[in-house]
Amino acid sequence: MKAKKDTTESAEIVERMEFVIDKLERDELITILRKRFMENSQRHKDIAWSEIEIRLNQNEDNIRVLSNMEITGGEPDVIGYDKESDKYIFCDCSKESPSGRRSLCYDAQAWESRKKNKPRNDAITMAEFLGIKMLSEDEYRQLQKTGDYDYKSSSWILTPKGIRELGGSLFGDKRYDTVFIYHNGAESYYASRGFRGIYLV
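Residue numbers for the sequence shown follow this note's numbering, so the first one is 9 and each next one is one higher.
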């Protein structure tokens, strides 16, 4: 019998994406985001919270996606502003790789090719369900400039096509005050490895 991916968690996320978050949930999330923003000014110098809150309230998708990031342990916060798109960059800023997104192989192809002990899901598919984009190597390094992340964990990052076609995938962590980028087989998964993402508001 062919193994089936455990989509329970992803289905719950999709369900949350399909209904309107009530005012209490919205207010609670915005309070959490505002508090985190104010307590971590080193991540977003010269950016005012007032403009961000206006944008959050203008688009229901903003609230849904950031709620998904928060629920899965990402602790999203603003880390910059993209002039080209005129949008603020929210990124998973949890000290360690988000706890609700671990023990995942890299992508659906890796999940399908693994013959035994398949993980419950894969990182790329889960990122799509959440509504976010996995960090690239450059974005991961930019995040690490705002603080110290993944000292006890590691996070998958977007892998160049050439490496992926040969069966590999990349991940990063930080040790000894230095960011390291490594490689693994895309089919591998670990309890200490998740993934981080970004979302533009």
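Glycine included, each C-beta is placed from N, C-alpha and C at the ideal position.
Extent of the continuous alpha helix (DSSP H) to which residue i belongs
{"i": "Val-73", "result": "68-79"}
{"i": "Asp-146", "result": "145-152"}
Boundaries (first-last residue) of the beta strand (DSSP E) holding residue i
{"i": "Arg-204", "result": "Unbroken run through Arg-204: none, as it is neither H nor E."}
{"i": "Ile-97", "result": "95-100"}
{"i": "Lys-182", "result": "176-183"}
{"i": "Tyr-190", "result": "186-193"}
Residue j beta carbon less than 8 Å from that of residue i
{"i": "Gly-205", "j": "Ile-140", "result": "yes"}
{"i": "Thr-167", "j": "Leu-151", "result": "no"}
{"i": "Arg-34", "j": "Ile-79", "result": "no"}
{"i": "Ile-87", "j": "Arg-44", "result": "no"}
{"i": "Gly-193", "j": "Gly-176", "result": "yes"}
{"i": "Tyr-207", "j": "Met-77", "result": "yes"}
{"i": "Leu-212", "j": "Val-73", "result": "Any question about residue 212 goes unanswered here, given that the chain covers just 9 to 209."}
{"i": "Ile-29", "j": "Ser-75", "result": "yes"}
{"i": "Ser-7", "j": "Gly-81", "result": "Within the shown structure, residues of the chain are numbered from 9 to 209, placing residue 7 beyond reach of any answer."}
Residue i (DSSP reduced to helix, strand or coil)
{"i": "Gly-5", "result": "Because residue 5 is not part of the residues shown, which for the chain are 9 to 209, the question remains open."}
{"i": "Val-22", "result": "The predicted model places Val-22 with a pLDDT of 46, which falls under 50 and marks its position as unreliable; any figure quoted below should be read in that light. Residue state, collapsed to three classes: helix."}
{"i": "Met-9", "result": "Here Met-9 scores only 40 on pLDDT, less than 50, and its place in the model should not be relied on; the value that follows carries that caveat. Looking at Met-9 - three-state DSSP - the assignment turns out to be coil, as it is neither helix nor strand."}
{"i": "Leu-112", "result": "coil"}
{"i": "Thr-7", "result": "Residue 7 falls outside the range modelled here, since the chain spans only 9 to 209, and no answer is possible."}
{"i": "Asp-35", "result": "helix"}
{"i": "Lys-141", "result": "strand"}
{"i": "Ser-196", "result": "coil"}
{"i": "Lys-53", "result": "coil"}
{"i": "Ser-161", "result": "coil"}
Given residue i as reference, the closest of the options once Cα atoms are compared
{"i": "Tyr-159", "options": "Ser-200, Lys-43 and Ile-79", "result": "Ser-200"}
{"i": "Glu-136", "options": "Glu-120, Trp-119, Lys-126 and Asp-115", "result": "Asp-115"}
{"i": "Tyr-198", "options": "Ser-161, Arg-122 and Ile-38", "result": "Ser-161"}
{"i": "Glu-47", "options": "Phe-188, Ala-118 and Pro-84", "result": "Pro-84"}
{"i": "Lys-169", "options": "Gln-66, Ile-40, Ser-49 and Ser-144", "result": "Ser-144"}
{"i": "Asp-4", "options": "Glu-104, Pro-127, Lys-153 and Leu-174", "result": "The question about residue 4 has no answer here: the residues shown for the chain are numbered 9 through 209."}
{"i": "Asp-90", "options": "Met-142, Gln-117, Glu-147 and Ser-107", "result": "Glu-147"}
{"i": "Ser-111", "options": "Trp-57, Arg-149, Pro-127 and Arg-172", "result": "Pro-127"}
{"i": "Arg-109", "options": "Ser-121, Lys-182, Asn-129 and Leu-174", "result": "Asn-129"}
{"i": "Cys-7", "options": "Ile-40, Val-187, Gly-155 and Lys-182", "result": "In the structure as shown, the chain begins at 9 and stops at 209. Residue 7 is therefore absent and cannot be evaluated."}
{"i": "Asp-94", "options": "Trp-119, Ile-55 and Gln-117", "result": "Ile-55"}
CB-CB length for residue i against residue j, believed under 8 Å
{"i": "Phe-203", "j": "Ser-163", "result": "5 Å"}
{"i": "Arg-42", "j": "Glu-68", "result": "Their Cβ separation, rounded to whole angstroms, is 18 Å, which puts Arg-42 and Glu-68 out of contact at 8 Å."}
{"i": "Val-209", "j": "Leu-64", "result": "7 Å"}
{"i": "Glu-173", "j": "Cys-113", "result": "Not really, about 16 Å apart at Cβ, beyond 8 Å."}
{"i": "Met-221", "j": "Ile-165", "result": "As displayed, the chain neither begins before 9 nor continues past 209, which places residue 221 out of reach and without an answer."}
Any non-hydrogen atom of the ligand FAD closer than 7 Å to residue i Cβ
{"i": "Leu-174", "result": "Questions concerning the ligand FAD fall outside what the structure shown contains, since it holds no ligand whatsoever."}
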